[in-house]
Amino acid sequence: MSLLNNTRKTESAPRPFALLTSADKTRYWKSLQEFADQEAFQAEAETEFAQTPLQIEADPSRRAFLKASGFTFAGAILTGCSQAPVHKAVPNLAQPEEMVPGRSLYYASTCNGCNASCGLLMKTRDGRPIKLEGNPLHPLSRGGLCAAGQASLLGLYDSHRLHHPLVRGMQATWEDADRAIGSQLETIRREGGPVRFWSTTVTSPAREAVIRRFLAQFKDGQLVEHDPLSSSAILDAHMLTHGARVLPGFHFEKAFVVASFDADFLGTWISPVQFSRAYMEARNPEMQKEAFSFHAQFESRLSLTGCKADSRTVVAPEQLRPWIAQLAALLSKKAGAVLPGPALPPPAHSMDALAEKLWTARGKSLVVCGLQDVHAQVLVNFINHTLGNYGTTLDLAHPSHQHRGSDAALQTLLEEIRSGKIAALFLHGVNPLAQMPRANELSVALKKLPLVVSFAERQDETAGAAHYVCPDHHPLESWSDAEPVSGAVSLSQPAIRPLAGTRPVVESLSTWSGLRVSAYEIVRRHWKEQVFPRQNAEPSFDVFWNKALHDGVAAVTARPAGARPFDSTPVAAALSQPVAGGGEFSLVLYPKVSMLDGRHAYNPWLHELPDPVSKAAWDNYACLSPAAAARLSLKEGDVVRVDAGADGSLDLPVLLQPGQHDNVVAVALGYGRKDSARFAEAGPRWLNWRKPVGENGLVGTNAAPLLRWQDRSLTYTRSAVRLTKTSRTHPLAITQSHHSLTVPKNLAPSSGSTRPIIQEAVLPAYLKDAAAGASHHEVPSQDLWPRDHANDGHRWAMAVDLNACTGCSACVVACQVENNIPVVGKDEMGRRREMHWIRIDRYYSGPPEDVSVAHQPMMCQQCEHAPCETVCPVLATVHSAEGLNQQIYNRCVGTRYCANNCPYKARRFNWFDYPHEDRLANLVLNPDVTVRSRGVMEKCTFCVQRIQEARIEAGNRGAPIADGVIQTACQQSCPTHAIVFGDIHDPGSRVSQLSRQGRAYRVLEEINVRPSVNYLRLVRNRPEKKSEGENHG
Amino acid sequence: MNSRIVTILLCTGLALSGILLALSLADFRLPGNQQGYEPPQPIAYSHRLHAGELQIPCLYCHSGAEKSRHAGIPAASVCMNCHRYVTAGYGAVRAEDEMAAKEKRSPRPIISDELRKLYQAVGLDDNLNPAPGKEPSPIAWTGVHKLPDFVYFDHRPHGKALVACQQCHGPVETMERMRQVPDLSMGWCVNCHRDANQKGIAGKAVKASLDCSACHF
Amino acid sequence: MAELYTALRQPLIQGGKGFAQVTSDVCAPMERRPTGLWWTAFLISVAALLLGVVTVAYQIRTGIGTWGLNNTVGWAFDITNFVFWIGIGHAGTLISAILFLFRQKWRTSVNRSAEAMTLFAVMCAGIFPVIHMGRPWLAYWIFPYPNFRGPLWINFRSPLAWDAFAISTYFIISLTFWYVGLIPDLATIRDRAKPGLRRSLFAFFSLGWTGSARIWLRYETVYLLLAGLATPLVVSVHTIVSWDFATSVIPGWHTTILPPYFVAGAIFSGMAMVLTLMIIARKVMGLEDYITLRHVDVMSKLVILTSSMVGLAYMTEFFTALYSGNHYEEFTFLNRAFGPMGWAYWIMLSCNVAIPQLLWSRNIRSRVYLVFVISLLINVGMWFERFVIVVTSLHRDYLPSNWTSYSPTVIEVATLVGSFGLFFSCFLLFCRILPVIAIGEVKAVLSYGKPKEEVSA
Amino acid sequence: MSRRLLVGFFETESDILGVTRAARELDLNIVDVYSPYALHGLDRAMGLQPSRLPWVCFLLGLLGAGAKVWFEFWTTAIDWPINVGGKPWNSLPAFVPITFEVMVLFAGLSTVFAFFLVSRMRPGKEPERLLPGVTNDRFAILLEESDAAFDTAKVAALFRAFHAVHVEERVEEV
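Chains as they are written, first to last, in the numbering used here: chain A, 11 to 1043; chain B, 781 to 997; chain C, 36 to 492; chain D, 4 to 177.
Written out as structure tokens, the structure is:
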């Protein structure tokens, strides 16, 4: 596909040495005659130089040299005038009707960033996807898209992707691979050996059908699903209590009281985008008023969900099940029943209050648990059953298919692999050698198997051990579908022709089944036969298909999960389980919102994304509470050895994490992956450049070896690990070094020590006064000067609801993709030179053992009295007639005065030329936004390119720009709709409504810079006066 | 001695260069100014013939100007709309017809040299049948009006405001080969915007933005 | 305004010199071969200069990222050095122009080299605003010149634009002032020199000076006018430099006291630098008779005066901040003194306020080596004053999430060293090729051959 | 035509001032006086008018300031008004610093150039009528011999009275 215009916008202002570089590739012209006869001119130009200064070298006199150089210089000036590179414009041979060069087209699809399968809109330009956005029509994600989903776009343009199949590690053709695999499968078909297809939960019903058909050819063919971030215990517990291995649908929007035991449902648990949106629906103070939900969180480390909790209790991981048991006992007492099993110690006061709240909100409450512990999950099921939540906030009629993996099945599979019984093993979406404990053993066992086929897109750890690697398409290149929740089906369609010689799994499987069918055929046929009959609304399949393709989603009848009524038999057994313990420290392995299970370890955008809680990027680390670190006399960045005895040990840098249990060390999964070896040289190189990778040559350390099997579950916690300090240090790239709005005690001024940057109110106070929690209210003072600037047109403004913001950081990545923000690497991040235009400030308050956390998205506030503008000597940042603080990159000389004078420090400087050498990766660049060069200031402009596009489109139609038509990238991606953008001069617009609310305030409005961003105060469902132990355990 | 000769030679050379420079001063432009740029094109397409004589509207070929930022260079398929039938200049076809009439034979298809390049590009042979074994390959035109990469000019609002194409592209209908007429400098853009705000365009008041972010973002 | 002489006062120029003696004394260093000491100093300076050139070239090639700056601290060594050098420069103008207007005759021995110092310091200072730019090759954009962008002018509201005008005006006027002062001396040297290149050069630059009384009359008028212009200019330049900070919104920068504070500080640091250089020059070049202990004494007193002014400014701004009730303002100053960069504040305070008070003692004033050490410490302290203002205000500003630290890289340190290299290389060259003492003006204050009343008046 | 000039050389400031005053009292035509430094009172002794250079300085300074303030106003408020930080188009207070600097620049440079112009000084100019030693340690007075008041004896006595160290005659082409 040929592109009309240049695919990359670069800023090409004169560079210092540009004149001295020769133009060996591009042809230059000086005058028309010369241009007409380029070759002759070239020859002439060459002789002109060749005959003069060089021949004088025989005469060494200084005079001659000076003369020669003078002449050369004059000649250079003569020949150097008016040079401009010739650029080719190559139109299509035949123009597809809907494709207009320079116009973006949006196609609906399904996200493949994790198993949650959110709805996607793929923005394509000139035949290539350049941005992924949430699909507002999708019933679960409803327009939101998380950071990992946004960033998965970069995987498409990853030059390290496999571009061809590998046969025993060697490049091969598909014919060779097919022939070899086909003949081996033929043998297995004849001889009947066991065939296993090991995959993460197959969210695509069409693919599942193909896999099952493929496996059906063999006497013993099995699909083994396993999720690296497993929810197996929930399904297993439902098997015990409801007779069906089912993951219920969670309806946070219907829950007025939410109790979560270690479930990070706003961050990484099962379907965070869906849950965040639903959760916030029950927490909108304007809409909800009294029905504002109450959220209690019990966890051992500070999760993103814990940050939002109204009541957060720090509990050691081993103690979580006993706490659940207590809650179960309290609730069963209220229900008038006695809990079978041994007596429990008397409950904590806070538990009592929570039980009371839950009991009051029977049927409108929700208790969730993220533990990989079947017994704990059984108890949670019991609690939810007692509260009557099944059928209201827990949906077994529309179960989730997002996580179906079974740890037990996995364990069986691993045993089979070790025993060498398996004849053929297919691996899709899993990377066991990086995700499983005892990987060495597994690697040896894998190599002994007769046939191991991996469908990995990249040569990951496991692909290296496979006999054949048959790389799958990137999800944006292929047809697929998904049914994340029973009844909600969605389609995936390709946004680009495959960039490399890859092949969709379903095509590979159909090829090996004897008849190659294209993925499109497979999906369409599946929908015709399986999906279409599940709906009655549309009689014609073609219409149904086209509509589903257009919308990306379709609603069909759900498939019953076959759940039986609650059976309390397993509860007694769950209660009588012994509690593990012992040892000073327990290890908690957790996923980060960026790296998740590590499948995105190739993705620099996600590595660069600071963790919204720790604010650290480009690493995983051992989180310790400040007290624990003090006990071990560890400082941030000291390398500590986390020793789990026979299972191995990890050496990790320490990060101090308030709000964490003092006996817990928490380590993120998904790091130390082979895919991250490519970052060994990342970032601008200079004298003091520091490697972004650790001693292992990888980003972070893989913590998977410390996963633990317990009761046929792969659990993420482990008791009795030993921590020993090593003598090494490993600098961490932490992008926020002061964590609180309170200034250090010794520097506290008499006028108060806490800054009103984030304002918050408790719910009772808010209900009395919508403006509760306001710091001093200052009426914007009069100007010293006349108001010269009529502003009668649009005036763009933004409202950010701090109550809705979970800190998930989707906006950060969305902005990075939209605005061509470069990846600067760990060293630069550590030097506090991150380039993100929007950042999530995270502030702790309260004592370290009971921290409250607030997140604040911070971007350019587009001040009406912008301090940055006045100080720019060259008019590179000035105000637009519509209230935007414009930044003109090509005018900027880079004095950084504007950034110094920005009270919000929202400006970003190009300290170096950040790499743009990867021509494939450059295809992701947004052609609507200039790529900035070194020495230039940049910042958020409220996505002015989108404003311009909307204005021009509206102008062409002759209609005004409707509210909501322009969505900034951050706003579009936000799962909770915390960011609203619009015209504040339009009294009906959402943004002006929000800005008039009692909760609205402006950060630093006392300095009269008049920011255009209104923040809405955070409201916490806490009692007005904190009495001891009331809400905090 | 030797040095003196060299000096004389150099001085002469420099003087000659100086004369050359003086002559080219009339042509002198600041870097980036490509006023008068008139590169040869792979096919000697004549705007004078198509837009001038034949009066084909600009938007027939450059249809993107209404829908997109870029006016676009027409796809070869657009050329083929007419050139499926028109294969050579009128004169050449007449001559062949006369010759055929004279020689009492049916006229042979005449294909002009320039149009042959088009047919080759779309993979057709001289009888306008798909040429076996010939990959169609797009025509690499040489861009004439090029703005720096940090400038986002958009054709849509200008067309909507009834700015004539010639305002920026010059009298294209008289050009045998495409030539850049204005200097396309920022001042040129800005001053046109100012004029338009004062005088309106085609008798209609317009609001042409003078904001930086109208073009730079 | 005649000076009062008491019996205790020494004459300004010692050794009962005649006019010819003065001429030959001052010209001697230019006419003999450079000493080993000079060569050593010069080579060290040139080496430092080369180091600076290399590091600046590396920085321009690679990017400002080679400095230790970050998103919060956008200026550090660059602007610190800029303000420091500009401050150094101010003493030269003060000694030449302001003391000239006040008819302080003792200035004649030091004004020439003080003016040269001004020029070189302004050169050093001028480098930093250029190289601190992300795209220094576009530095000319901050001047309003006709262009093809609309035309697009510059932002006359920006203190950086003011800076550009102030610095260039300051340099041009200082250069003019210095050159005008040199013309008679150039003629003197021209007339001493044997025919040859040296004479031709001096003849070229002495503009045909003959010493005619008619021209002397105009010359005096011009000199007076230039002094009258340079005096408000020197005040305006540092006021404008202080506006870089004072017009901002950053707590610690945004204070109205900054202009007088900066001017006082500039004169203070300049005096210290003049003292340093003079003490070296009189020793190295054998000019003890011209730059006498009395000069050192007078300058020391000025140092005490300006030091006290600076100290008052420090106290005032601290008091204002604490009394303001403005949280951010209060915090910034507490943080300056007791925060993580408090050490810089205390270096500043001790070097600029505490140590100069020693000069109240005549004993210390009369010991040249002690004065020398104190002057060096003041230079250090004044550098830190600018560092404190620039960095400690920035590194912890409004939003705590932005708080960072700052530490310089080797590139920044080498650039500072390089600027010293440039300064001293220029100064040493100046000592070799031009009269370091204004011969004509010294002759005018000699007691030799004066009417009685003039001498004693 | 040529004229004859008598040059008297003196060694001290008091002598040259004295001889000049005396010569003026005698109504001698003092062509010029030369000194190695600026002599106070010599202008009075010679009866010279004060220089008019301050006017040049004042007027050109005024011109510079006026031109600059107009230029700043024209560029920011008229030619292309751009909203900078919400400040008014005519931000006069902000224009003051540069206006002042340009005023000083104009005044200073124009004064110096005017001085060079009226004194006929230019780079590379060979000094006219260079008397030996006057740039070092000698003072010299030039009297026109053709003057009616000129009396050789009187002048000789005068010179002697003021300790002339050397006297010579010069013939100059006019």
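Think of the CB as a built atom: it goes at the ideal place given N, C-alpha and C, for glycine as much as any other residue.
Could you compute how far the alpha carbon of residue i sits from the alpha carbon of residue j?
i                 : j                 : result
Arg700 (chain A)  : Trp73 (chain D)   : 53 Å
Leu330 (chain A)  : Ala820 (chain A)  : 30 Å
Val137 (chain D)  : Pro39 (chain D)   : 5 Å
Ala126 (chain C)  : Phe458 (chain C)  : 15 Å
Arg974 (chain B)  : Cys878 (chain A)  : 27 Å
Ile81 (chain D)   : Arg843 (chain A)  : 40 Å
Pro759 (chain A)  : Lys625 (chain A)  : 27 Å
Gln1007 (chain A) : Val649 (chain A)  : 49 Å
Val939 (chain A)  : Tyr932 (chain B)  : 9 Å
Gln307 (chain A)  : Arg1012 (chain A) : 30 Å
Write down the C-beta distance between residue i and residue j rounded to the nearest angstrom, noting that I regard them as a contact closer than 8 Å.
i                 : j                : result
Ala911 (chain B)  : Ile890 (chain B) : The pair is not a contact, with the Cβ atoms about 18 Å apart (cut-off 8 Å).
Leu501 (chain A)  : Thr120 (chain A) : 7 Å
Asn910 (chain A)  : Gly109 (chain C) : 4 Å
Met320 (chain C)  : Cys461 (chain C) : With a Cβ gap of about 16 Å, Met320 (chain C) and Cys461 (chain C) do not count as contacting.
Val1019 (chain A) : His875 (chain A) : 5 Å
Pro139 (chain A)  : Leu163 (chain A) : 6 Å
Ala265 (chain C)  : Ala132 (chain C) : 4 Å
His748 (chain A)  : Trp438 (chain C) : 4 Å
Could you list which residues in chain C have their beta carbon closer than 8 Å to that of residue i, in chain order?
i                : result
Phe119 (chain D) : Leu242
Leu751 (chain A) : Pro435
So with CB distances below 8 Å, who are the chain B contacts of residue i?
i                : result
Asn102 (chain A) : Ala855, Ala856, Ser857, Pro918
Phe183 (chain C) : Leu810, Asn813, Asp963, Ser965, Met966, Gly967, Trp968
By the criterion of Cβ-Cβ separation under 8 Å, what are the contact partners of residue i in chain A?
i                : result
His167 (chain C) : Thr905, Arg906
Thr922 (chain B) : Val96, His97, Lys98, Ala99
Using a cut-off of 7 Å between C-beta atoms, extract the partners of residue i located in chain D.
i                : result
Ile275 (chain C) : Pro100
Could you tell me which chain B residues have their CB closer than 7 Å to the CB of residue i, listed as they occur along the chain?
i                : result
Arg113 (chain A) : Lys847, Ser848
Since residue i meets chain D, which of its residues come closer than 9 Å, beta carbon to beta carbon?
i                : result
Asp226 (chain C) : Pro130, Leu133, Pro135, Gly136, Val137, Thr138, Asn139
Query raised in the report: On the three-pair Cβ rule with 8 Å, is the stretch 594–602 of chain A touching the stretch 706–724 of chain A?
Result: The answer is yes - the stretch 706–724 of chain A touches the stretch 594–602 of chain A, with three or more Cβ pairs under 8 Å.
**Report entry** Every unbroken alpha helix (DSSP H) within the stretch 526–610 of chain A, with a cutoff of 4 residues, ordered by chain
**Finding:** Listed in chain order, the complete alpha helix (DSSP H) runs (minimum 4 residues) inside the stretch 526–610 of chain A are 529–536, 551–561, 579–585.
Requested in this report: Would you mind listing the alpha helix (DSSP H) stretches within the stretch 373–398 of chain C that are 4+ residues and don't spill past its ends, in chain order?
Outcome: You should have 377–384.
Query - Those runs of the beta strand (DSSP E) which lie wholly inside the stretch 745–784 of chain A and span at least 3 residues - result: Counting only runs of 3 or more, we get 770–772.
Query raised in the report: In chain order, which alpha helix (DSSP H) runs of at least 4 residues are fully inside the stretch 54–81 of chain D?
Result: Contiguous alpha helix (DSSP H) elements confined to the stretch 54–81 of chain D occur at 56–76, taking only those with 4 or more residues.
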